[in-house]
Amino acid sequence: MNKLVTIFKVPELRQKIFITLLLLAIYRVGAWVPLPIVDQDRMNAWTQQVQAGAAGRLFGYVAMFSGMRSFSTIFGLGIMPYISASIIFQLLSSVVPSLEQLMKEGEAGRKKINEYTRYATVLLSLGQSWFWVRYLMYTVEAVPPHLRFWDPVGGWHIWPGVVSV
Numbered sequence: 035m036n037k038l039v040t041i042f043k044v045p046e047l048r049q050k051i052f053i054t055l056l057l058l059a060i061y062r063v064g065a066w067v068p069l070p071i072v073d074q075d076r077m078n079a080w081t082q083q084v085q086a087g088a089a090g091r092l093f094g095y096v097a098m099f100s101g102m103r104s105f106s107t108i109f110g111l112g113i114m115p116y117i118s119a120s121i122i123f124q125l126l127s128s129v130v131p132s133l134e135q136l137m138k139e140g141e142a143g144r145k146k147i148n149e150y151t152r153y154a155t156v157l158l159s160l161g162q163s164w165f166w167v168r169y170l171m172y173t174v175e176a177v178p179p180h181l182r183f184w185d186p187v188g189g190w191h192i193w194p195g196v197v198s199v
């Protein structure tokens with residue numbers, strides 16, 4: 035108990051703990067905010083319908099690893115794009131000579147690779163969310179037909195959902 039009190043006496047640690055708790059609270063709130071284009075009643079009906087089938091089991095595994103009961107929320111992807119980008123750059127750093135050279139440069143090289151990882155995370159997030167929203171639109175049919183503007187294979191109407199995820 036004494037160590038816990040000591041931690042809160044140090045201003046830097048107290049600030050870091052506060053910021054961490056604030057970010058966790060924001061994430062938990064965002065995990066319950068639904069996507070603007072998804073009809074939650076249709077999503078829940080589909081989930082109930084396919085629960086026993088292979089698609090339902092796959093959906094269950096994805097939900098289990100994401101910590102979500104469904105991915106139809108604005109923070110539905112979680113940290114998976116960042117983890118994927120980190121793994122990709124770890125593998126690439128042993129294959130691509132320029133990345134291998136950056137790894138050997140020490141801290142400055144690692145910072146540059148971390149920067150590349152963040153850029154790749156944004157690209158992976160856009161890609162994964164695009165596929166997820168298309169899946170919700172055309173397989174699950176959780177997006178009502180009147181919200182599917184323009185072409186049926188995916189046009190500009192998909193981007194509000196992609197950016198939200």
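Mapping to the working numbering: the sequence shown position 14 is 48, numbers consecutive. We put the CB at the ideal spot given by N, CA and C, even for glycine.
Any chance the CB of residue i is under 7 angstroms from a heavy atom of the ligand FAD?
i	result
residue 63	With respect to the ligand FAD, the structure offers nothing, as it holds no ligand at all.
Where do the ends of the alpha helix (DSSP H) carrying residue i lie?
i	result
residue 75	74 to 84
residue 127	114 to 127
residue 141	141 to 172
residue 42	36 to 43
residue 133	131 to 138
Between the options, which has its C-alpha nearest residue i's C-alpha?
i	options	result
residue 200	139, 151, 144 and 109	Within the shown structure, residues of the chain are numbered from 35 to 199, placing residue 200 beyond reach of any answer.
residue 70	107, 129, 114 and 162	107
residue 116	66, 53 and 155	155
residue 110	126, 76, 66 and 83	66
residue 112	82, 162 and 124	162
residue 123	142, 75, 35 and 153	153
Classify residue i as helix, strand or coil using the three-state DSSP reduction.
i	result
residue 68	strand
residue 54	helix
residue 185	Confidence at residue 185 is low in this model, with a pLDDT of 45, below 50, so its placement is unreliable and no value can be given for it.
residue 106	coil
residue 111	coil
residue 197	helix
With the cut-off set at 8 angstroms, would you say residue i and residue j are in Cβ contact?
i	j	result
residue 158	residue 198	no
residue 160	residue 146	no
residue 170	residue 72	yes
residue 130	residue 164	no
residue 41	residue 47	yes
For residue i and chain B, any beta-carbon pair shorter than 8 angstroms?
i	result
residue 161	Any reference to chain B falls outside this structure, which holds one protein chain only.
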